[in-house]
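Below is one structure, written out as structure tokens; comments come after it.
Protein chains in written order, with this note's numbering: chain A, 19 to 415; chain B, 12 to 516; chain C, 39 to 470.
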């Protein structure tokens, strides 16, 4: 049973209805990540009829958009003014093999980011203000349209990434940045995972402002740029900015990276394609539902995690965020317990099961289990926003 | 009885005539109320103190009334409230023991960093125990591979950058008080600073915290990895003004120091021209590291202190800082100079040496304190959308004029965060009341034009009673409900942030 | 910030001055960041802002000083680092001076504390007595470990620890008289012989006299000169301090009237700060107000004076010098670059230790009266100095020399000794 409200008032009706009937309510956008089974009789509500750009001030670098607006529409409006969302949200359709168009609300509700996240911040760092309907059917505004805002508790951060379990976001206001006029990628070939980690750390210690640092091991290299990258492994680093600046920085970065291995460069077009493929986890957009994990650990130990797991399971992986974001595909068994144990062993982090068959999903919690103190706190916080527990109970924490 | 006398012009600043109130005023500002102290706590003061004494090492408890006096206020010095006692723990375990004790005995707790809050965030109340983190000042771990530093909450903001400076790194958020303010306080207030135009504020540079909840539970949020595992509780805690728990350790992001940085001074006849220049710079796609604005009064004050070479014959000054390698900076600078030229710039001065650059920033960062040379002041902190800046500036002038006061305007032009410094005489109760009222009007104006009450200083007590101007009852109730999830009895910094009336606890 | 004093209270000129100082403070807290006791103890009460507030509270309420306030004021080094940092121009120096004299007038210290202070005030300003006392100290040295165990007697232990191991030699540099210029005469100055310095390290003034003579400056050691009074001034013994000041003022005014003086040279920056303050200290004495100002206006640290003489550059020497900027030099007198520039142009390679703004813990008699904090500050300072791996350490104050020498094997000497050597004098013994 799916509702398609068109405005706040209708959302309130749906929420109040669910409360009255003691019904759980799932919130989604257009189904990019949550494929809806038409025979499924659980209640859900979609944002995709709440759409439209409400306000856009390029000179102030701020945009206000209704949550059900497709990301494509937002990006088109931004591109027309040579602006972009700094956090470059991933498009999950490739790996999920779904066709529901990503919505801007979904991006913030799931804190969807891309390669630039590790220096430019995640979706939640660009989010300035939201309007949402809480579990009591009240319309709540949080934040505003200015970046500097510390008036009261930061519910904007709390709702971002809350996966629709705390409220139905109907409008978002976020910061946008100019599109850098020039972009280039430095490629170092033939580094194993450990050497790549060291190279990326060295790059990040330079003042060249790398805005993307990923390592593509041999097993995945062929899936990028139609196989046009040099054979073996590729450690890739992106530089963006004014043309004069990029060229100076690229020279400096290339020089330093030569100490690690052979260096080549990619121009603007190829860079855009490559980083979009990294963003969308292209190698694992394989049409299957093999378990796909998104793992976040400290950059220096990503390679250690993968090495330790390889001893005990058959996994395929590549690295983003200087080595701290590991996309990991398992064969059939998600190996959740093994993975989480090793994450704890290397100093902490979290793993999210982004893709799996329905059977696997039913048995495997998608999100990282939280330590007791934090879990209890999270449960209390949820209770304050959704006292009756109608928004996807049990989904998160 | 009032006497007008010539001020002696100490320290080389001629301040003309001073109004000296000779009759004993001894007044206390009291238009902002605090919660009535709990009798159940006051009546047990001696017992509480002896129990605290037993659980803490020597030198960690302050309880003699004479010694409590310096803790009765912070940098929002027109309000004062004596605390019950002050504890100065040395580690997280002690903090947990203190919190647990206060929780069991329903004693309010007021966390305190360096007491530099401009909104009264650290002002206690008679039944509260101040938990001061100033002894916890150790840098615990510096991890360049992961670009992270782990520090105790009492480490000062500047000290983090100083600690890693020689290795080519820095910690970006730089509030003007960074010399003295602590990272714990920065997290409590989600502090900003001049350089947050490019690098973001504290919440965008915070990776993790170790925190003690009111019942003594110690939790860790975040770490050296990115993104929250579950809810972004770290994001919620940042800016929570000591109401959700006490932070004892923080993991912060380190960034490679840029090759060079250059502040450039642009002098304009009017603030409208300066404002238009700012808009054009941003619209052109250049994001400088910082864009700071000062009006004529502020320029005079800062130049008198720092001698940085600010032009004294302009109506408005912009400090624009760019960074990168020399060729990059030259390129960016020439574009910015072009834009400034199109906006009738009068003076352009790029700093040539590191010493000059340091002086330019010293002047700006000391603006608030340096104002103390000529008068007492309250420092406002509202944010407005950039397009509204000229309008708001002129309305501020109107408001101040109506109250018969003076103002110096300093602010972060790049993000619309304004700091009107309202000048008044603190020894004159009427003047003090007028300044407070004028400040409130200015803040409401910020909200009315689409901005907010506070950009980086926090709500504290200063803006607490204006919260309803920005939020509806539902919205305030929602925030308060979330707060209660952390501290159901409202023991943590209870008189702050949320209006006292209508609290549904 | 707001103050609340009655008209009667403000009738006292000392209170009136303190009220004005207090009004300047906006309670911003910047001063806490650079205060040696705050960074060591982590307590607001031991920070300048906290002390300002305690003093304000005490004076506003017309209260006698009590044990708590005295504890925190006593811990103040008077390093004046806070004055350098304060953006509002709070004249903390004179505020704490007033507080100390208020304490001296209204608070009865415990017996041992009183005795120790009386001994210090009775002995240190008088070189002959100091010399004798040092003789006793050498005898008493074996008792130091026992004394250290009793907290009230720690100052005695500190005193014994600091006494030089060998007897202080007498020096002609201290004898009154005129030293003529050895080159074409370009100036005439008086030099302060001082008290403790002339006993602990007569080599400093000897080097000064040599260099000045060589440069063509006539130097007079006036008859009747004595201790500048800083020591008792910092103990709050105002009348005694003013007596010392007046005596010196008389002596120097006499020299100014009979022969003229271009400057009064001071080689201990701690004394320099006080002598430059004579004008302020004597402002309420109609007979001395003008004379005190006159004297203060020509008081110069030796490096200040040398900077006006345009000394020739000397060849580079293979000696790395860590320059320790004494608090009284950098904060009290605001002399920061002159000594370093002189050393650089004399051919030495200069290194600046980290945390240069923090006191070494000497601070006059602080290392005797506050041994625990002093020891911590000393260790911190020495660690920072040693990290620069210098061959020698140079500084401009005898107190620092004594303090730092006791904690490191790197030779430490007075800036003037290096300058004398570079400009034609003998190589100092301390240099390897």
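All C-beta atoms, glycine included, are put in the ideal place defined by N, C-alpha and C.
Bear in mind the structure is a predicted one, so any value in this text is a computation, not a measurement.
**Request:** Tell me the start and end of each unbroken alpha helix (DSSP H) in the segment 227 to 305 of chain A that is at least 4 residues and wholly inside, in chain order.
**Result:** Those alpha helix (DSSP H) runs which fall completely within the segment 227 to 305 of chain A and span 4+ residues are 236 to 239, 261 to 275, 286 to 297.
**Request:** With a threshold of 16 other CB atoms inside 10 Å of the CB of residue 134 of chain C, please say whether the residue is buried or exposed.
**Result:** Here residue 134 of chain C refers to the residue found at position 96 when the third chain is read from its first residue. With a 10 Å radius around the Cβ and a threshold of 16 neighbouring Cβ atoms, residue 134 of chain C comes out buried.
**Asked** Thinking C-alpha only, which one of C:394, C:108, C:379 is nearest residue 365 of chain C?
**Response** Looking up residue 365 of chain C in the third chain gives position 327. From the listed residues C:394, C:108, C:379, the smallest Cα separation to residue 365 of chain C is found for C:394.
**Request:** Tell me residue 334 of chain B's beta-bridge partners as DSSP assigns them.
**Result:** Your numbering for residue 334 of chain B matches position 323 in the second chain. Answer by DSSP bridge pairing, in chain order: B:272.
**Message:** For the segment 53 to 85 of chain B, list every residue whose C-beta sits within 8 Å of some C-beta in chain C, in sequence order.
**Reply:** Cβ contacts with chain C come from 70, 73, 75, 77, 78, 80, 81, 82, 84, 85.
**CA nearest to the CA of residue 40 of chain B, picked from C:250, C:162, C:41** = The residue labelled residue 40 of chain B in the question sits at position 29 within the second chain. The closest CA to that of residue 40 of chain B, considering only C:250, C:162, C:41, is found on C:41.
**Prompt:** Helix, strand or coil: how does DSSP classify residue 113 of chain C here?
**Reply:** Against the third chain, residue 113 of chain C aligns to sequence position 75. Residue state, collapsed to three classes: coil.
**Prompt:** Which bits of chain C does residue 190 of chain B rub up against, with CB to CB less than 8 Å?
**Reply:** By 1-based counting over the second chain, the position of residue 190 of chain B is 179. What residue 190 of chain B touches in chain C: 68, 71, 72, 123.
**Asked** Is residue 51 of chain C helix, strand or coil by DSSP?
**Response** Stepping through the third chain from its first residue, residue 51 of chain C is reached at position 13. Three-state result, residue 51 of chain C: helix.
**Prompt:** Based on the DSSP output, what are the partners of residue 21 of chain A in its beta bridges?
**Reply:** Stepping through the first chain from its first residue, residue 21 of chain A is reached at position 3. Partner(s): A:63.
**Prompt:** When you compare only the Cα positions, how much space is there between residue 108 of chain C and residue 269 of chain C?
**Reply:** Reading the third chain from its first residue, position 70 is the one you call residue 108 of chain C. Reading the third chain from its first residue, position 231 is the one you call residue 269 of chain C. Linking residue 108 of chain C to residue 269 of chain C through their CA atoms gives a straight-line distance of about 17 Å.
**Message:** Can you check which of these residues, A:357, A:309, A:305, A:341, is closest to residue 330 of chain A by C-alpha distance?
**Reply:** Looking up residue 330 of chain A in the first chain gives position 312. Ranking A:357, A:309, A:305, A:341 by Cα distance to residue 330 of chain A puts A:357 first.
**Asked** Does any residue of chain A bring its CB to less than 9 Å from the CB of residue 511 of chain B?
**Response** One-based indexing of the second chain puts residue 511 of chain B at position 500. It does not; no Cβ of chain A falls within 9 Å.
**Asked** Would residue 107 of chain A count as contacting chain B if we go by Cβ distances under 9 Å?
**Response** Numbered from its first residue, the first chain carries residue 107 of chain A at position 89. Judged by the 9 Å Cβ criterion, residue 107 of chain A is not in contact with chain B.
**Prompt:** In whole angstroms, what separates the C-alpha of residue 183 of chain C from that of residue 410 of chain C?
**Reply:** Counted from its first residue, the third chain places residue 183 of chain C at position 145. Counted from its first residue, the third chain places residue 410 of chain C at position 372. Taking the straight line joining both Cα atoms gives about 14 Å.
**Message:** With a threshold of 9 Å between beta-carbons, can residue 177 of chain B be considered close to chain A, or not?
**Reply:** Numbered from its first residue, the second chain carries residue 177 of chain B at position 166. False, the Cβ-Cβ gap to chain A never drops below 9 Å.
**Item:** Cβ contact check for the segment 267 to 277 of chain B and the segment 216 to 233 of chain A: 3 or more pairs under 8 Å
**Value:** These segments touch.
**Secondary structure of residue 136 of chain B, DSSP reduced to three states** = Position 125 of the second chain holds residue 136 of chain B. Coil at residue 136 of chain B, not helix or strand.
**Status (buried if at least 16 other CB within 10 Å, exposed otherwise) for residue 332 of chain A** = As a first step, residue 332 of chain A is located in the first chain; it is residue number 314 there, counting from the start. Classification of residue 332 of chain A: exposed, given that the 10 Å Cβ count is below 16.
**Request:** May I have the straight-line CA-CA distance separating residue 251 of chain B from residue 395 of chain A, to the nearest angstrom?
**Result:** Within the second chain, the letter at position 240 stands for residue 251 of chain B. Within the first chain, the letter at position 377 stands for residue 395 of chain A. Taking the straight line from one Cα to the other gives about 15 Å.
**Prompt:** Does the beta-carbon of residue 312 of chain A have 16 or more other beta-carbons within 10 angstroms, so that it is buried, or is it exposed?
**Reply:** Locating residue 312 of chain A in the first chain gives position 294, where the first residue counts as 1. Taking all protein chains shown into account, residue 312 of chain A has 16 or more neighbouring C-beta atoms within 10 Å of its C-beta and is therefore buried.
**Asked** Do you know offhand how far residue 348 of chain B's Cα is from residue 99 of chain C's?
**Response** What you label residue 348 of chain B is simply residue 337 of the second chain in a count that begins at 1. What you label residue 99 of chain C is simply residue 61 of the third chain in a count that begins at 1. For residue 348 of chain B and residue 99 of chain C, the distance between alpha carbons rounds to 57 Å.
**Under 9 Å by beta carbon: chain C residues contacting residue 195 of chain B** = Translated into the one-based positions of the second chain, residue 195 of chain B becomes position 184. Within 9 Å Cβ-Cβ: nothing; residue 195 of chain B doesn't reach chain C, min ~13 Å.
**Item:** Sequence-distant residues of its chain with Cβ nearer than 7 Å to residue 351 of chain B (five each side left out)
**Value:** Sequence index remark: in the second chain, residue 351 of chain B carries index 340 (1-based). Contacts found: 277, 288, 359.
**Request:** May I have a chain-ordered list of the beta strand (DSSP E) segments no shorter than 3 residues that lie completely inside the segment 221 to 281 of chain C?
**Result:** List check, beta strand (DSSP E) in window: 225 to 229, 255 to 259.
**From C:425, C:378, C:404, C:415, residue whose alpha carbon lies closest to that of residue 392 of chain C** = Working through the third chain from its first residue, we reach residue 392 of chain C at position 354. The candidate whose alpha carbon is nearest that of residue 392 of chain C is C:425.
**Asked** Mind pulling the chain C residues with CB within less than 7 Å of residue 125 of chain B?
**Response** What you label residue 125 of chain B is simply residue 114 of the second chain in a count that begins at 1. Those are 67, 70, listed as they occur along chain C.
**Request:** Measure how close the beta-carbons of residue 257 of chain C and residue 217 of chain C come, nearest whole angstrom, since I'm counting them as under 8 Å.
**Result:** Along the third chain, one-based indexing puts residue 257 of chain C at 219. Along the third chain, one-based indexing puts residue 217 of chain C at 179. Distance from residue 257 of chain C to residue 217 of chain C at the Cβ level is roughly 5 Å; contact confirmed, criterion being Cβ atoms closer than 8 Å.
**Prompt:** Excluding five sequence neighbours on each side, which residues of the same chain lie with their C-beta closer than 7 Å to the C-beta of residue 36 of chain B?
**Reply:** By 1-based counting over the second chain, the position of residue 36 of chain B is 25. Confidence is the limiting factor: at residue 36 of chain B the pLDDT is only 49, short of 50, which leaves the residue's position unreliable and the question unanswerable from this model.
**Message:** Among C:171, C:251, C:145, whose alpha-carbon lies nearest the alpha-carbon of residue 157 of chain C?
**Reply:** Translated into positions along the third chain, residue 157 of chain C becomes position 119. It is C:171.
**Asked** Does the beta carbon of residue 362 of chain B sit closer than 9 Å to a beta carbon anywhere in chain A?
**Response** As a working note, residue 362 of chain B is residue 351 in the second chain. At a cut-off of 9 Å between beta-carbon atoms, residue 362 of chain B makes no contact with chain A.
**Message:** Within a Cβ cutoff of 6 Å, which residues of the same chain sit near residue 480 of chain B, ignoring the five residues on either side of it in sequence?
**Reply:** Translated into positions along the second chain, residue 480 of chain B becomes position 469. Counting only Cβ-Cβ distances below 6 Å, and skipping sequence neighbours, we find 455, 458.
**Prompt:** For residue 236 of chain B, which residues in chain A fall below 8 Å Cβ to Cβ?
**Reply:** Looking up residue 236 of chain B in the second chain gives position 225. Identification of chain A residues near residue 236 of chain B by a Cβ-Cβ cut-off of 8 Å yields 314, 315, 316, 342, 366, 367, 368, ordered along the chain.
**Asked** Helix or strand or just coil, what does DSSP make of residue 497 of chain B?
**Response** By 1-based counting over the second chain, the position of residue 497 of chain B is 486. For residue 497 of chain B, the secondary structure class from DSSP, reduced to helix, strand or coil, is helix.
**Request:** Taking C-beta pairs closer than 7 Å, name the residues in chain A that residue 336 of chain B reaches, listed in chain order.
**Result:** The sequence position of residue 336 of chain B within the second chain is 325, counting from 1. Ordered by position in chain A, the residues that pass the 7 Å Cβ test against residue 336 of chain B are 266.
**Assigned exposure category for residue 49 of chain C - 16 Cβ within 10 Å defines buried** = Here residue 49 of chain C refers to the residue found at position 11 of the third chain. By the 10 Å Cβ count, residue 49 of chain C comes out exposed.
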